Amino acid sequence: MAEPAAGTAAATLVRVADLPVLADIGINPDEIGRRQPLILTVELALRAPVVRDLADTVDYRQIVKAAEALATVHIPLIEMFAQRLGERCVQWPGVASATIRIDKPFAISPGLAGVQVTVTA
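The opening position of the sequence shown corresponds to residue 1289 in my numbering, with each subsequent residue numbered one higher.
(1) Return the CA-CA distance between Val1302 and Leu1332, expressed in angstroms with no decimal places.
(2) Tell me which same chain residues have a C-beta within less than 8 angstroms of the C-beta of Arg1372, skipping the five on either side of it?
(3) Starting from Glu1375, trace the alpha helix (DSSP H) in both directions and tell me its first and last residue.
(4) Where does Ala1395 fall in DSSP's three states?
(5) What residues in its chain sit with their C-beta under 7 angstroms from that of Pro1308, if we drop five residues either side in the sequence?
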C-alpha cells in the first residue's frame, strides 16, 4: 500500500456518477415486473491513502457491472438496492466504505425522489 509524501495526508475516493440503470424495483402493483429508470452515484473510499497502481484501486467497470447485475433482480425499495450494492462494494479488496446515492426520476412529480446509504467494511 502506497503512503503519502512526508508531512501530508491523503484519502482516495473512486466515483461513478449519474449512472443510468433500468431496475426491477418497486412495491406498487403497477411497478412490479416493469423496469424503471434509476440514476446511481457510487463513491468508494479506498483503504490505500495513495493509489500508485491498479492493485490499490477499483476498476470503474466493476462498479457498473455490479449495479447492472443487481438491477435484474426484483428489489422492492431503492433503500434496499443501495444497501445491497454497498454491501457488494465493501467486499472488494481495498474498499473501506461505499456511499450509494440513488435517484428515482419518476417517483414523484414535480421533483426527484432519492436515497443515500453508506456501508462500511
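Glycine included, every Cβ here is placed at the ideal spot set by N, Cα and C.
Predicted model only: the values in this text are computed from it and were never measured.
Taking the geometry as given:
(1) Straight-line spacing of the CA atoms in Val1302 and Leu1332 works out to 5 angstroms.
(2) Listed in chain order, the non-local C-beta contacts of Arg1372 below 8 angstroms within the same chain comprise Leu1358 and Ile1363, local neighbours out to five positions each way being set aside.
(3) Its alpha helix (DSSP H) spans residues Ile1366 to Val1378.
(4) In the three-state reduction of the DSSP assignment, Ala1395 falls in the coil class.
(5) Result list for Pro1308: Pro1325 and Ile1327, in chain order.
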